[in-house]
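To keep things clear, I will list the structure first and then write my remarks on it.
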Amino acid sequence: MPRTKKFRRLRLLVILVVLLLVAGAGVGGWLGVKTVKESFPQTTGTLKLAGLSAPVSVDRDSKGIPQVYASTPSDLFKAQGYVQAQDRFWQMDVDRHITSGTLASMFGKGQVETDAFVRTMGWRDVAQQEYDTKLDATTKKYLQDYADGVNAWLSEHPGGAGASLEYALLGTAYGGYKPAPWTPVDSVSWLKAMAWDLSGNMQQEIDRSLLSQSLSKQQIAELYPTYPYGTNSTIVRTGTVSDAGTDKATYHPASGDGSSDVSNASSGSSGVTQASARTGGSTSGSTGSSGSVSGAVQASQQAATQLAANLDSIPALLGDPGQGIGSNSWVVSGSHTTTGEPLLANDPHLGPGLPSIWYQMGLHCNVVSAACPYDTTGFTFAGMPGVVIGHNQSISWGFTNLGADVQDLYLEQVTGDGTYLYNGKDVKFTTRSEVIKVAGGADQTITVRSTADGMPIISDHNTEQQTVGQDAPVDGNAPPRNGGYAIALRWTALDPGTTMASVFELDRAVNFSQFKAAARDFAVPAQNLIYADTAGNIGYQAPGRIPIRAKGDDGTYPMPGWTPQYAWQGFIPQAALPYVENPSSGYIVTANQAVVDASYPYELTDDWGYGTRSQQITDLIKSKLANGGKISPDDMQSMQTDDTSVMAQTLVPYLLKVPLTDPYYKDAQTLLKDWNYKQDAGSAAAAYYNAVWSNLLHLAFDEKFPAQVRATTDCVLQLPAGTAKVPVDGVNTAPKRVSVCGTRSPDEAMPDGNDQWTTAVTALLKQSNSDWWTYTDTQGAQVQGLDNMLLKAMVDARKQLTSLMGKDISTWSWGRIHTLTLKEQTLGTDNSSIASGAVHKLLNRGPYQLDGGSAAVDASGWNAAAGYQVDWAPSMRMVVDLADLNASRWINIGGASGHAYDAHYNDQTQLWADGQLLAWPFAKDAVTAATVDKLTLTP
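When you read off a place in the sequence shown, starting at 1, and then add 77, the result is the number in my numbering.
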């Protein structure tokens, strides 16, 4: 794009700042240091904070992590807002512009499309409705207290370098920007971003629709296999549900056990018949037999292509939706631990960046009482009060993504100017106008359309999407396409909820009953919540607002919106959602696997994680407990960094049988002979194996997939579109394959290599003559058979690693190509935006060479369609010791500070990369002993 005058000014400033930093002496050095340090927070002495009822103490340890002590909840959350703003206000400010659809007001016209899409969904409007109609008075009071604390800091730091280095850079391009006061709704809006990035299966719906352009339903089913209940455990052994299908439905845990053994995973222990008992949904993997559904699936292909481009426009604050988002958590009863009390571990896998998504913090009432019930520490979100994951004086809890299917796409037939077809009639869209402010440019006005029942049309605001559905084939049962099908979104996060209240309830819960009550209010995103307490109890609860679908609709494909047949039928009663307390197994593992088996009478999702990590964790626990063994806190920490490749255990025996005679290729194959399947950063075998895996995926799937799901860097020989339907005869010669490149961003492309693909390929390895094992060589000839493809993958892997690391395999290591670079993403990630490459050099950190892999417990994930660089990772790790809370441990990516060059901007990352954890003091005397800086906030 052309460099504007403002961009050139920004670039000059960045270069100047870099030069000043490098100078490091004299006037230049002084100016550079002053510019960078101007926003660093005061962490010692005394500061006034208006509105406090009494002094508040902020004790920071050697990593700058604050523990806040106050006399009232109002003072506590006011101080939390102030302290988080000290460290992270730039991050908070950008995040609220994302959730409110106002990025263009900060960064200019390049963000208009993003704003239009978010405004169409109305995240901020829904957050306002939650605040106005759903949240209780106490929760609102805490939100206002938090906002008051943020605004007290903001009044002292209204912008520019005094607020953050990034504001100084932004001001050079758009000098008129000034942060607005913080509001309670800004905090509530963040929950919409969290829900979006942990949003269930919308991406899978889109991908299935796109794949159906070139693949049959059976082929797609092979790529999305059913959950392997026979080998991988569910979270709990499935209990029974009394009064299923009514508002009185109630879940009853299975007798005597919770964390399921594989032998029981598919036993149907509830006594309810499998497929036929489900309330809504389908267990066949089909979308029903109705001709209109078939037509809708076909018609959705073009629409899905355009919608995918819109989804890419939203910054992924937690990671890429539907791509690798996951987590590990497990809890072990005191009967199995060396401490005699429960141990709880958690490590959510999210998109890493700087600053970290998490902010470590303690919130303590000076005297814990009914009037001031908080004594909580853990991981918070900058911009939101309370602690999200952590422990208090009595209980500890952790999260993993449940993955419940809470989103559906509907195809809407637009019949005229402002109308759409529904139940045989033309119905008017509900419309509203939205004005998008644009820094450095004119305001843009958009029109948002919604169906009569409130579903936004999310395919409107993209020039390419004007042709949605124009070319998609339909059958005779689907309505005429006319101008094309539009796409509407039904999503539980667009209904006002009570999740914000749940955060405070969790923070003050002291037993399992109160924990379950708090979980009932955790509406979205649906999470697996694990639990342990100082009384020795462990437990699990599946919360969330999860829809009940019509029979024949399993949520895997976009559905017809012109008939009421596929409207949601209601929501699973909270009392009917699975839970367990003190299972006889003595442990509970959650890592995005299936919660229950198919005997559970409600459809939670058909797109579970496949249980690779959860089963590995379960096996590690069992191995520690064998012969009367006990699990220690060190064992819990060690399990978090287990980097075993489970898929390698299956695939390597096949690879070792491939007859490679050329020593150049044979030497690489030999690396696998005595490999222990560990993906350590220093392992040459891990590098070679993962390169073979990546190349195998490309060979098996790329040329069969449509360009819309493949990476822009992925060009393969394919038959021109439509030629497969033309007969070859005296007039029509056999078509020639041409090079076709993908159209999707590499980090969003398929196949990504996660455990969906390991599960699919494991099944296909038993079918050596499957059509999937056919590829086209460079001469255009078809090569068939598993053995030939494995040989080709190994040859290509050797060539690829030679180009990346050299010919000498003794110099190879997994960490050389499997690296993490932490990026400050709020200013963009490319060099053509407002953020230049020099900005990134100022703000980014790395690369770090990492152990682990996509489907490993140590989930340093990479997308096989993009390369070997790390795209998601354990965003934090914690191990909570319920026998001695002061002996608990934690670590974060990055650090406490959001200010580049602050000592705590990135002082935890190397420790995190090395698998280390920090001491996590909790009691007042332990915190005092660890305190390095003490700040007193006074009225």
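Note that CB positions come from ideal geometry on N, CA and C, so glycine has one too.
Which stretch, first to last residue, makes up the alpha helix (DSSP H) that contains D1069? Nothing about residue 1069 can be read from this structure; the chain reaches only from 78 to 1016.
Please report the distance separating the alpha-carbon of N865 from that of Q670. 34 Å
Taking the alpha carbon of D320 as the point to measure from, which residue in G930, P650 and S182 has its own alpha carbon closest? P650
Quick check on this structure: which residue in N963, G819 and Y487 has the alpha carbon closest to the alpha carbon of A943? G819
Apply the 10 Å Cβ neighbour rule to Q844 and answer buried if 16 or more other Cβ atoms are within range, or exposed otherwise. exposed
Can you tell me which of K505, T457 and P302 puts its alpha carbon nearest to the alpha carbon of G158? T457
Unbroken alpha helix (DSSP H) run spanning P710, endpoints: P710 to Q717
In the DSSP assignment, what residue or residues form a beta bridge with V504? Y497
Beta carbon of G938: closer than 8 Å to some heavy atom of the ligand COA? For the structure depicted, the ligand COA is absent and the ligand set is empty, with no information on it obtainable.
What is the residue span of the alpha helix (DSSP H) that D765 lies within? Looking at the sequence itself, residue 765 is Tyr, so the reference to Asp does not match. Y765 -> alpha helix (DSSP H) spans A761 to F778.
Quick one, which of A936, S676 and V504 has its alpha-carbon nearest Q693's? A936
Can you tell me which of G616, A870, P462 and Y487 puts its alpha carbon nearest to the alpha carbon of P533? Y487
P828 to L776 span [Cα, whole Å]: 11 Å
DSSP on T191, reduced to helix/strand/coil? helix
S965: buried (16+ other C-beta within 10 angstroms of its C-beta) or exposed? buried
Do the CB positions of I1048 and A609 come within less than 9 Å of each other? Nothing can be reported for residue 1048: it is not among the residues displayed for the chain, which extend from 78 to 1016.
So, does the stretch 216-235 touch the stretch 258-266, judging by three or more C-beta pairs under 8 Å? yes
Evaluate T522 with the Cβ neighbour count: other Cβ atoms within 10 Å of its Cβ, from every protein chain shown; 16 or more gives buried, anything less gives exposed. exposed
Secondary structure, beta strand (DSSP E): runs of 3+ residues fully inside the stretch 121-190: 122-125, 133-137 and 143-147
Using the Cα positions of H329 and N659, report the straight-line distance between them to the nearest angstrom. 14 Å
Let me make sure I understand the geometry here. Which of G187, N469 and S410 has the alpha-carbon closest to that of K1001? N469
Would you mind sorting K701 into buried or exposed? The rule is 16 or more other CB atoms within 10 Å of its CB. buried
DSSP on D452, reduced to helix/strand/coil? strand
Do the stretch 148-156 and the stretch 281-294 touch if we need at least three Cβ pairs shorter than 8 Å? no
Does the beta-carbon of A703 have 16 or more other beta-carbons within 10 angstroms, so that it is buried, or is it exposed? exposed
Exposure label - S291; buried when at least 16 CB within 10 Å: buried
Which residue wins for smallest C-alpha separation from R893, given the options H981, T695, T121 and Q946? Q946
Checking 9 Å against the spacing of the C-beta atoms, do D958 and T454 come in under that value? no
Among P419, A245, D779 and I466, nearest to R954 - alpha-carbon criterion: I466
Distance between G688 and T836 (C-alpha atoms, nearest Å): 10 Å
Please report the Cβ distance between N983 and G975, rounded to the nearest whole angstrom; I am assuming they are in contact, meaning their Cβ atoms lie under 8 Å. At roughly 11 Å, the Cβ-Cβ gap does not stay under 8 Å, so N983 and G975 are not in contact.
According to DSSP, simplified to helix, strand and coil, what is M724? helix
Using the Cα positions of S151 and K325, report the straight-line distance between them to the nearest angstrom. 38 Å
Apart from the five residues on each side of it in sequence, which residues of its chain come closer than 6 Å, Cβ to Cβ, to G638? Y487, L488, E489 and A565
Among the candidates P419, D854 and W407, whose CA atom is the shortest distance from the CA of A612? P419
Can you round the beta-carbon distance between Q144 and V956 to whole angstroms, since I take them to be within the 8 Å contact cut? Contact flag wrong, Cβ pair sits at about 19 Å.
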